[in-house]
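Residue 689 in full-length UniProt numbering is what sits at position 689 of the sequence shown, and the numbering runs on without skipping anything.
Yeah, the Cβ is synthetic: ideal placement off N, Cα and C, and Gly gets one too.
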Amino acid sequence: MRSDFRDRAVLNSILRLTLLLAVATTAVGCGGGRLITIKTVPADASIVVDGVPRPKAPITERFSFGGGQFHTVFVSRPGYTDKTILLDGTSEQTEVTVTLKPRSRRVRFIVTPLPAIVKIGGKPVADAAVTQASTELEFAVDASGGWIPHVVSAERPGFRRTERVIRFTDADAVYTLPLEPERKTVVIKTEPAGADVIVDGTSFGPSPVTLEDLVIATDPQTNAWVDRAVQAIKPGYEPATSKISWDNGQTEYLLKLGIRTKTIRLKTEPPGAIVRMGQKVLPHKTDGLVELPLDYAPLNASGEMPVHELTISPPAGANNPATTLKIGWEEGKVDYAVTLSPPPNATATATTKPAVTTAVATLPSSPVTPVTTRPAVPTTTATAATTPSVPPITGTGAGLAMIKPAFRLEKSRWFVDADPRKVPLTRDVNEPDGRKPVLVARAPAGATVDGVVTSPDGGIVAWATLRAVDGSLRSQLFAHTVASNKPPVELTDGQALDLMPSFSPDGQRLLFASDRISAGQLATYEVMINLPGFAVRAAPGETSDTELWPSLDSSPRPRLYTESRPTDGSPSRLVAIETVTGKRTDLEHPGTQPRISPRSDAIVFVRGDPNTGKRDIWLLKIGENAPVNLTRSPNDDDFDPTWSKTGSRIAFASDRRLPGHSSPAQPSAAPPITESDINLWVLRVSKPSEAIPVTQNPARDDNPAWSGDDSALYFRSSRGGEWGVWKADLPK
1 MRSDFRDRAV
11 LNSILRLTLL
21 LAVATTAVGC
31 GGGRLITIKT
41 VPADASIVVD
51 GVPRPKAPIT
61 ERFSFGGGQF
71 HTVFVSRPGY
81 TDKTILLDGT
91 SEQTEVTVTL
101 KPRSRRVRFI
111 VTPLPAIVKI
121 GGKPVADAAV
131 TQASTELEFA
141 VDASGGWIPH
151 VVSAERPGFR
161 RTERVIRFTD
171 ADAVYTLPLE
181 PERKTVVIKT
191 EPAGADVIVD
201 GTSFGPSPVT
211 LEDLVIATDP
221 QTNAWVDRAV
231 QAIKPGYEPA
241 TSKISWDNGQ
251 TEYLLKLGIR
261 TKTIRLKTEP
271 PGAIVRMGQK
281 VLPHKTDGLV
291 ELPLDYAPLN
301 ASGEMPVHEL
311 TISPPAGANN
321 PATTLKIGWE
331 EGKVDYAVTL
341 SPPPNATATA
351 TTKPAVTTAV
361 ATLPSSPVTP
371 VTTRPAVPTT
381 TATAATTPSV
391 PPITGTGAGL
401 AMIKPAFRLE
411 KSRWFVDADP
421 RKVPLTRDVN
431 EPDGRKPVLV
441 ARAPAGATVD
451 GVVTSPDGGI
461 VAWATLRAVD
471 GSLRSQLFAH
481 TVASNKPPVE
491 LTDGQALDLM
501 PSFSPDGQRL
511 LFASDRISAG
521 QLATYEVMIN
531 LPGFAVRAAP
541 GETSDTELWP
551 SLDSSPRPRL
561 YTESRPTDGS
571 PSRLVAIETV
581 TGKRTDLEHP
591 GTQPRISPRS
601 DAIVFVRGDP
611 NTGKRDIWLL
621 KIGENAPVNL
631 TRSPNDDDFD
641 PTWSKTGSRI
651 AFASDRRLPG
661 HSSPAQPSAA
671 PPITESDINL
681 WVLRVSKPSE
691 AIPVTQNPAR
701 DDNPAWSGDD
711 SALYFRSSRG
721 GEWGVWKADL
731 PK
């Protein structure tokens, strides 16, 4: 009994203690405090309570809210946006979850030159191909706290996939994704070997030929591959033609040149004469003709073709003397006739004609000269010029607004600004000697023509137009078929800065300097004349310098000559770039406006005089190291040199003194005229000191380009009160 009583007493004591603890706990709760668990997303975020760091989440601790107390909870984690919450006891929550948002940036993508599918991490940013897109992009950090980058790509059929890395710390949130067309290395072989290989009108020398990184373009409208025309020619053989496209990545092509053959038809007089080739008698057909297939496989490497010989004897019962007939290739001639001489002692009558024996002198065949058929230039809604309109010109300060590119070096980048000027103009559009230049095309309202060039055959004239938009320079390229009355074609859309055009040797591409990849850096691009809007880099490789005035030669391994403007502010220098490999060679000569000769054997360029600052025209022969000053006029400003189609003459612009004037050309009126009266001149490379003026109009004439037969110049002019492309015959 005593034991039971003792056990019951212990149990009662435990119950009383438990009750007291419960009451005490309740009393504390009613006083404004409770246990609260704080969790975070992500789960390992750092927590600071009332300014005191706590262990990483989750944490559980008692918070007192008596007397209106409150507590601040600060949650942070690398890669996420910090967050602060307030605990004031008004809620009965015992668990709080704080969710952090990942750090993010608004990024923008620009795709050139055509729309493409833009993806980030393999997921499309938009539902269709775009030229611009933007998105809010979240970033995370790795275990070491470093930002994890994203990879953005642009994809389009016929182009190589373009990728760029996006980092959270990037200074610029705009990313340009330039599309490069598919390229492949192609080996072209011929049967027989050694034939001259011509691709799109450009010769690459005797086969076998390896073309590295050959561009295979697509039609921007249909995405269909655009064929590249290939021709193989060799003296004495029929030319072989083929096409190169993507062809599932095919890299080797074989062109088989044909053996020239023809089947001759021979008529004999008298009929039925016996025709032999060697010992073989050739039969007559029912119409009395002898037909004989002949082949003309070349006899040697020079292409000399054989001459076949036939013996013609009189038919049975006749005693005419036999004769021979030699048959060469003769441009494929097939019809022949032989009349045997009369028999001995035959009496000739008044109507008898003397016997004629046909003998052919055969020369070694000449190589076939490839003829490039230029595609017709597409048309736009613009109109070509007919008769110039002449606005009224009033006051001695009248002038025409002119936009010039002004280069500005800032943060190791060359930016191009619009530099407004005033130039003289005149109502009279003709020349003092009576010549009447023709207006070819007008510039759009408010724009200035610049960079006039012509194709190698003179069939197309191209130019740029410049305009100022809120102080910024905008430009666009145009082309016009000389023999057409159709309007000029917009080769580029005017969204980028496209300047200083020149034609490729085959006349099918226009090269130009552009900042379409990055503002502050101009590189060389090219656009097909028959594919306007489709611009691609003209050579691989990267450089920090700005490339200006591109000019392409026609050697088997084409080289691009440019003015390279360094980002350290040092003078521009001449550079040669291999278009296949991208290898750059510094020619170690300062200069601007380089232009390669039609024979690819010399460069003409411009260099300023160190004392006067005026420019001269210089010539540097390829392979030599000593350029020659052609103009030698330190007090005259000579610029814009351009080769004649034969390479014997050079046209240029100059402010030099005109015949009959006592001083160099000067601005034609009081301010606001800010530019001198510029005229066109021509010199012979063999006699550069005997330059003659081509234009003497008071308006500004520059940017000369030769016509196909070198009898006239196309040029930019302000004559007639507007900017336009003009054509003037050379003075007699």
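Open item on the list: For G395, count the other beta carbons within 10 Å of its own beta carbon; 16 or more makes it buried, fewer makes it exposed. Which is it?
Closed with: The residue given as residue 395 occupies position 395 in the sequence shown. Its pLDDT being 36, under 50, G395 is placed unreliably in this model, and the coordinates cannot settle the point.
Open item on the list: Going by beta-carbon coordinates alone, are R615 and V628 separated by less than 9 Å?
Closed with: The sequence position of residue 615 within the sequence shown is 615, counting from 1. The sequence position of residue 628 within the sequence shown is 628, counting from 1. Result no, Cβ atoms of R615 and V628 do not sit closer than 9 Å.
- [ ] Take R106 as the anchor and find which of T135, R557 and T99 has the nearest alpha-carbon.
- [x] Here residue 106 is taken as the residue at index 106 of the sequence shown, counted from 1. Nearest C-alpha to R106: T135.
TODO: Could I get the ranges of all uninterrupted alpha helix (DSSP H) runs contained in the stretch 298-329, with 4 residues as the minimum, in chain order?
DONE: DSSP runs (the alpha helix (DSSP H)) wholly in the stretch 298-329: none.
- [ ] Please list, in chain order, all residues of the same chain as T379 whose beta carbon is under 8 Å from its beta carbon, the five residues on each side excluded.
- [x] Here residue 379 is taken as the residue at index 379 of the sequence shown, counted from 1. Here T379 scores only 32 on pLDDT, less than 50, and its place in the model should not be relied on; the value that follows carries that caveat. K486, P487 and V489.
Task: Three-state class that DSSP yields for residue 777 in the structure shown - done: Shown here, the chain extends from 1 to 732; a query on residue 777 therefore has no answer.
Open item on the list: Bridge partners for I678 per DSSP, in chain order?
Closed with: Your numbering for residue 678 matches position 678 in the sequence shown. Per DSSP, none; premise fails for I678.
- [ ] With DSSP collapsed to three states, give me the class of G459.
- [x] Numbered from its first residue, the sequence shown carries residue 459 at position 459. DSSP places G459 in coil when its eight states are reduced to three.
- [ ] Report the residue from R537, D196, I650 and I166 whose alpha carbon sits nearest the alpha carbon of D498.
- [x] Working through the sequence shown from its first residue, we reach residue 498 at position 498. Measuring from the Cα of D498, the nearest candidate turns out to be R537.
Open item on the list: For F159 and A705, what's the separation of their Cα atoms in angstroms?
Closed with: Indexing the sequence shown from 1 puts residue 159 at position 159. Indexing the sequence shown from 1 puts residue 705 at position 705. The straight-line gap from Cα to Cα measures roughly 35 Å.
- [ ] Could you check what DSSP says for D247 in three-state terms: helix, strand or coil?
- [x] Against the sequence shown, residue 247 aligns to sequence position 247. Look at D247 here: in three-state DSSP terms it is helix.
Task: Residues bridged to Y237 [DSSP beta-bridge criterion] - done: Residue numbering aside, residue 237 sits at position 237 when the sequence shown is read from its first letter. DSSP output for Y237 lists I259 as bridge partner(s).
Open item on the list: Quick check on the DSSP output: the beta strand (DSSP E) that includes P405 runs from which residue to which?
Closed with: In the sequence shown, the residue the question calls residue 405 occupies position 405. P405 -> beta strand (DSSP E) spans L400 to E410.
Task: Nearest-angstrom Cα separation, counted from P113 out to residue 739 - done: Residue coverage of the chain in this structure runs from 1 to 732, which leaves residue 739 outside it and unanswerable.
TODO: Can you grab the Cα-Cα spacing for the pair F109 / Q521, in whole Å?
DONE: By 1-based counting over the sequence shown, the position of residue 109 is 109. By 1-based counting over the sequence shown, the position of residue 521 is 521. Taking the straight line joining both Cα atoms gives about 19 Å.
Open item on the list: Quick check on D637: does DSSP put it in helix, strand or coil?
Closed with: On the sequence shown, residue 637 is found 637 positions in, with the first residue counted as 1. Assignment of D637 by DSSP, reduced to helix, strand and coil, places it in the coil class.
Task: Residue interval of the beta strand (DSSP E) (run including A447) - done: One-based indexing of the sequence shown puts residue 447 at position 447. It is not in any beta strand (DSSP E) - A447 carries neither H nor E in the DSSP assignment.
Task: Where R719 falls: helix, strand or coil (DSSP) - done: Here residue 719 refers to the residue found at position 719 of the sequence shown. In the displayed model, R719 falls within a helix according to three-state DSSP.
TODO: With a 10 Å radius around its C-beta and 16 neighbouring C-beta atoms as the bar for buried, classify I244 as buried or exposed.
DONE: Taking the first residue of the sequence shown as position 1, residue 244 is located at position 244. Classification for I244: buried.
Open item on the list: Judging by CA-CA distance, which residue of P731, D701, I327 and D82 is the nearest neighbour of V429?
Closed with: Within the sequence shown, residue 429 is the residue found at index 429, counting from 1. Nearest of P731, D701, I327 and D82 to V429, Cα basis: D701.
Open item on the list: Within 10 Å of its beta-carbon, does R656 have 16 or more other beta-carbons around it, so buried, or fewer, so exposed?
Closed with: Counting from 1 along the sequence shown, the entry for residue 656 is found at position 656. Answer is buried; the Cβ neighbour count reaches 16.
Open item on the list: Please classify A348 as buried or exposed, where buried requires at least 16 other C-beta atoms within 10 Å of its C-beta.
Closed with: Position 348 of the sequence shown, counted from the first residue, corresponds to residue 348. Here A348 scores only 44 on pLDDT, less than 50, and its place in the model is too uncertain to base an answer on.
Task: Beta-bridge pairing of K333 - partner residues as DSSP gives them - done: In the sequence shown, residue 333 corresponds to position 333, counting from 1. DSSP, once it has assigned bridges, lists no residue as partnering K333.
Task: Neighbourhood of R164 by C-beta, 7 Å cutoff - its chain only, sequence neighbours within 5 removed - done: Residue numbering aside, residue 164 sits at position 164 when the sequence shown is read from its first letter. Cβ neighbours of R164 beyond the five flanking positions: V152, Y175 and L177.
Open item on the list: Restricting to runs no shorter than 4 residues, where is the alpha helix (DSSP H) found entirely within the UniProt domain "PEGA" (36-103)?
Closed with: none
Open item on the list: Using only the alpha-carbon positions, how far apart do K645 and K234 sit?
Closed with: Translated into the one-based positions of the sequence shown, residue 645 becomes position 645. Translated into the one-based positions of the sequence shown, residue 234 becomes position 234. If you take the alpha carbons of K645 and K234, they lie about 26 Å apart.
Task: Collapsed DSSP secondary structure at T492 in the structure displayed - done: Residue 492 sits at position 492 when you count from the first residue of the sequence shown. Three-state result, T492: coil.
Open item on the list: Please state the DSSP three-state secondary structure of Q279.
Closed with: As a position in the sequence shown, residue 279 is number 279, starting the count at 1. Reduced to three states, the DSSP call for Q279 is coil.
Task: L548 versus V527: straight-line alpha-carbon distance, rounded - done: Start at 1 with the first residue of the sequence shown, and residue 548 comes out as number 548. Start at 1 with the first residue of the sequence shown, and residue 527 comes out as number 527. Spanning the two alpha carbons is a distance of roughly 16 Å.
- [ ] Report yes if the CB atom of T579 is closer than 9 Å to the CB atom of R557, and no otherwise.
- [x] As a first step, residue 579 must be located in the sequence shown, where it is residue number 579. As a first step, residue 557 must be located in the sequence shown, where it is residue number 557. Between T579 and R557, the C-beta gap is smaller than 9 Å, which places the two residues in contact.
Task: Buried/exposed call for S718, threshold 16 Cβ in 10 Å - done: Here residue 718 is taken as the residue at index 718 of the sequence shown, counted from 1. Under this definition S718 is a buried residue.
- [ ] Could you check which residue in A651, W723 and P693 has the C-alpha nearest to that of P731?
- [x] Within the sequence shown, numbered from 1, the residue matching residue 731 stands at position 731. Closest option to P731, Cα to Cα, is P693.
Task: Three-way DSSP call (helix, strand, coil) for E431 in this model - done: Position 431 of the sequence shown holds residue 431. Residue state, collapsed to three classes: coil.
Open item on the list: Which residue wins for smallest C-alpha separation from S144, given the options S203, E182 and G79?
Closed with: For the purposes of this step, residue 144 is taken as the residue at position 144 of the sequence shown. When only C-alpha atoms are compared, the closest one is G79.
TODO: Within its chain, find whatever has a CB closer than 6 Å to the CB of R716; leave out the 5 residues flanking it on each side and keep chain order.
DONE: Stepping through the sequence shown from its first residue, residue 716 is reached at position 716. Only V449, V452, D702 and N703 meet the Cβ criterion.
- [ ] Give the straight-line distance between the Cα atoms of E180 and G507, rounded to the nearest whole angstrom.
- [x] Sequence index remark: in the sequence shown, residue 180 carries index 180 (1-based). Sequence index remark: in the sequence shown, residue 507 carries index 507 (1-based). When rounded, the distance between both Cα atoms is 22 Å.
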